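Accompanying notes for the structure given below.
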Amino acid sequence: MSNPEKYYNPDRGLDLRRRKDPSQTNRWSVSEMWDIHHEIARMLLLGWKNVDIAKKLDISREMVSGVRNSPVVRERLALMHKARDADAIDVAKEIKDFAPVALNLLKDIVKGEGDAEGASIGLRGKHAKDLVEKAGHVAVQKSLGLVGHLTSEDIEKIKERAFGQAEKPLPEMAPEI
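See the structure below:
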């Protein structure tokens, strides 16, 4: 058995291998955004993962993480998110304002009137069905789920049967004339 004092002696003095304060870590932060930082921020805004950004830009994952967590980039990302949200609100407002025009066109298509006077019955039926479904009257859809538990013996029997079927020659078919 080894002597623990051989490896640890409290009288040795300060252990220089450890930091004085374990909460202190070597951290760096972005003070000014360069092109690479802008590109990382753009990719983060688009939803890319740190690993994917690192591979794409040929940089380390640690650099991406450091850039992502720096206060300057966080502020820039918050600003970019706000701008993106504002754009989404503008687009939603435009869609809401245009919806009555689109609805009138759909009505004309279904009725075969106005600009859609020559609409085929198939097109009219498709849009009529879409409008009825959007009103909440969706056709009933049935689904059937079966659950089965197979033992290894069952699986082997299935394999034998399948391989046995495959080895049989195919029946001859009459030639098509």
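The sequence shown lines up with residues 1 to 177 when you count with full-length UniProt numbering. We put the beta carbon where it would ideally sit given N, CA and C, even for glycine. Note that the structure is predicted; figures quoted are calculated from it, not measured.
Pairwise C-alpha distance: residue j and residue i
i: residue 124; j: residue 132; result: 12 Å
i: residue 56; j: residue 121; result: 51 Å
i: residue 151; j: residue 164; result: 20 Å
i: residue 70; j: residue 29; result: 5 Å
i: residue 82; j: residue 148; result: 51 Å
i: residue 33; j: residue 93; result: 34 Å
Per-residue burial, residue i [other beta carbons within 10 Å of its own, 16 or more giving buried]
i: residue 76; result: buried
i: residue 109; result: buried
i: residue 89; result: exposed
i: residue 155; result: exposed
i: residue 158; result: exposed
i: residue 95; result: exposed
i: residue 73; result: buried
i: residue 67; result: buried
i: residue 99; result: exposed
Three-state class that DSSP yields for residue i in the structure shown
i: residue 83; result: helix
i: residue 59; result: coil
i: residue 142; result: coil
i: residue 29; result: coil
i: residue 65; result: helix
i: residue 122; result: helix
i: residue 133; result: helix
i: residue 51; result: helix
i: residue 114; result: helix
Cβ of residue i within 8 Å of any chain C Cβ
i: residue 79; result: Going by chain labels, chain C is absent from the structure shown, which holds only one protein chain.
Cβ pair count under 8 Å reaching 3, the segment 70-86 against the segment 42-51: yes
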